[in-house]
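Let me begin by presenting the structure, written as C-alpha cells, before commenting on it.
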Amino acid sequence: MTHLVLPSLLRPRDGDALRGELRTIAAQGVVPVLFGGEVSDDTLHLSEFFGTRTNNLKGLAIPPLSGLGGRVVAQRRPVSVNDYSSSQTITHHFDRPVLSEGLRSILAVPVIVQGKSRAVLYAAIRECAPIGDRTADVVVAASRRLGTEIAIRDEVDRRLQMLTTLDAQGVDGATTEELRDIHAQMRSVAQTVTDPSLQEQLRGLSQRLAAVVRPGGGDGADASDDAGITLTPREIDVLAHVALGCTNAEVAQRLSVGAETVKSYLRSAMNKLDARSRHEAVVTARRLGLLP
Numbered sequence: 001m002t003h004l005v006l007p008s009l010l011r012p013r014d015g016d017a018l019r020g021e022l023r024t025i026a027a028q029g030v031v032p033v034l035f036g037g038e039v040s041d042d043t044l045h046l047s048e049f050f051g052t053r054t055n056n057l058k059g060l061a062i063p064p065l066s067g068l069g070g071r072v073v074a075q076r077r078p079v080s081v082n083d084y085s086s087s088q089t090i091t092h093h094f095d096r097p098v099l100s101e102g103l104r105s106i107l108a109v110p111v112i113v114q115g116k117s118r119a120v121l122y123a124a125i126r127e128c129a130p131i132g133d134r135t136a137d138v139v140v141a142a143s144r145r146l147g148t149e150i151a152i153r154d155e156v157d158r159r160l161q162m163l164t165t166l167d168a169q170g171v172d173g174a175t176t177e178e179l180r181d182i183h184a185q186m187r188s189v190a191q192t193v194t195d196p197s198l199q200e201q202l203r204g205l206s207q208r209l210a211a212v213v214r215p216g217g218g219d220g221a222d223a224s225d226d227a228g229i230t231l232t233p234r235e236i237d238v239l240a241h242v243a244l245g246c247t248n249a250e251v252a253q254r255l256s257v258g259a260e261t262v263k264s265y266l267r268s269a270m271n272k273l274d275a276r277s278r279h280e281a282v283v284t285a286r287r288l289g290l291l292p
C-alpha cells in the first residue's frame, strides 16, 4: 500500500495572510497607521505593522479585556476610541507604547472564526478625531476576508488529520468511500484557497490520496502518463464529485461554477478517457489512478 506522506509545513503562516490584508488596506490610503496580530490562548500578540514610527508596539502580548485589543478579543466585535489617552471604555495597561507612538484615535476589529477571535486588525490616526466610516468599512471587509481564509486553512488541517488517521489504520472497503469523499472535498477546498503554493500542495496530496486506494498501490500520475492521458485539475475536480454520485447541478454548487461549465469539463474528460458515459469515465479514471 502507498502511504500518504503529509508535508510538515503545509499550512502557510496565518501571520502572512494578516500582513497581506494590512498591506491591501494600506494600498487604499484610507488611514496612516495599521497594525495587528494573531490570538493564541486568548492572548493577542502584535506582530505586523504599517506606518508606525517606533518599535514600541512590536511583540506586545495583550490579555483578554486589557486595553483596546483585549476588549475586542473578549467581546468579539469592533471597538473604537477617539482619544485613547482619556477613554473611559478601556483599561490603560498599554498607554506608554501606544502614546509614545503618537496614536490617538484607534479602531480595532476582530477576525472571527467559528465564534472565536483569531486575530485583530487595527487602524489608527495621530489626531483626536473619529475614524471615518470608509476606513471602518475597509478594515471590517479585510477582517472578514482573513476570517474566511483562516477557516479554510482550519478545514484543510482537519481533513489532512483525517487522512493521516486513515493511512495509519490502512484502507479497506469501509474507508474507501470516506477517502473518496475527502478527496473530492479536498479538491473543492483547493479552489477556494488564495495561496498558490497551498493550492498546488493540496492538489498534489489529492493525487497521492488517489494512489492510496489504487489497486496495487502504484503511482497514479505515472499510470496516467503511461496511458498518454492527462486531465486538467478542473476536469479531475468534476470527475471526483461525479464519482460521489453528484448531479451536474450539485457539482456546480460544490465547485462554485455554472452547470454548463461542469458539462463542458465532463465532456472533455470523457473524450480524453474514451468513455461513453459518466460511470465509464469514473471507472477509467480510477483504473489510471486519477481518482481514488
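Everything in the sequence shown is counted per the UniProt record's numbering, starting at 1 for the first residue and increasing by one. Ideal Cβ placement from N, Cα and C applies to all residues, glycine included. Note that this is a predicted model, so its numbers are computed, not measured.
May I ask you to report which of helix, strand or coil DSSP gives lysine 58? Locating residue 58 in the sequence shown gives position 58, counting from the first residue. In this structure, lysine 58 counts as coil in the three-state DSSP scheme.
How far does the beta strand (DSSP E) with valine 120 in it extend, from its first residue to its last? On the sequence shown, position 120 is the one that residue 120 refers to. Start and end: 116-125.
Grouping DSSP H, G and I as helix and E and B as strand, with all else coil, what is serine 277? Position 277 of the sequence shown, counted from the start, is the residue given in the question as residue 277. Of the three classes helix, strand and coil, the one that applies to serine 277 here is coil, per DSSP.
What do you reckon, is the C-beta of valine 138 under 7 Å from a heavy atom of the ligand ZN? By its list of ligands, the structure shown contains no ligand whatsoever, and the ligand ZN lies outside what it can speak to.
Give me the residue from Leu255, Gln28 and Pro110 with the minimum Cα distance to valine 73. Position 73 of the sequence shown, counting from 1, holds the residue named residue 73. Answer by Cα proximity: Pro110.
Cβ-based neighbour list, leucine 146, same chain, cut-off 7 Å, excluding 5 preceding and 5 following: On the sequence shown, position 146 is the one that residue 146 refers to. Once the five neighbours on either side are set aside, the close Cβ partners of leucine 146 are Ala17, Leu18, Glu21, Val111 and Ala119.
Spatial neighbours of aspartate 157 within its chain, please: C-beta separation below 7 Å, excluding the five flanking residues on both sides. Position 157 of the sequence shown, counted from the start, is the residue given in the question as residue 157. Around aspartate 157: Arg11.
Over the uninterrupted alpha helix (DSSP H) stretch that includes serine 264, give me the two end residues. By one-based count along the sequence shown, residue 264 stands at place 264. Note, serine 264: alpha helix (DSSP H), 259-272.
If you drop the 5 nearest sequence neighbours on each side, which residues of the same chain put their C-beta closer than 6 Å to that of glycine 69? Residue 69 sits at position 69 when you count from the first residue of the sequence shown. Here the set comprises Leu44, Ile62, Ala108 and Val120.
Unbroken beta strand (DSSP E) run spanning threonine 43, endpoints: Counting from 1 along the sequence shown, the entry for residue 43 is found at position 43. First-last of the beta strand (DSSP E) with threonine 43: 43-50.
Report buried or exposed for histidine 279, applying the criterion of at least 16 other Cβ atoms within 10 angstroms of its Cβ. Looking up residue 279 in the sequence shown gives position 279. Counting C-beta atoms within 10 angstroms of its own C-beta, histidine 279 has fewer than 16 neighbours from the protein chains shown and is therefore classed as exposed.
Could you check what DSSP says for proline 233 in three-state terms: helix, strand or coil? For the purposes of this step, residue 233 is taken as residue 233 along the sequence shown, with counting starting at 1. It is helical.
For histidine 183, which option in Asp195, Ser197, Thr194 and Arg203 has the closest C-alpha, if you only look at C-alpha atoms? Position 183 of the sequence shown, counted from the start, is the residue given in the question as residue 183. Cα-wise, what sits closest to histidine 183 is Arg203.
Measure from the alpha carbon of serine 80 to the alpha carbon of each residue in Gly228, Asp95 and Gly132, then state which is nearest. Taking the sequence shown and counting its residues from 1, the one referred to as residue 80 is at position 80. It is Gly132 whose Cα lies nearest to the Cα of serine 80.
Rounded to the nearest angstrom, what separates arginine 286 and glutamine 185 at their Cα positions? Numbered from its first residue, the sequence shown carries residue 286 at position 286. Numbered from its first residue, the sequence shown carries residue 185 at position 185. Arginine 286 and glutamine 185 have their C-alpha atoms roughly 17 Å apart.
How is valine 31 classed by DSSP in three states: helix, strand or coil? Translated into the one-based positions of the sequence shown, residue 31 becomes position 31. Valine 31: coil per DSSP, three-state reduction.
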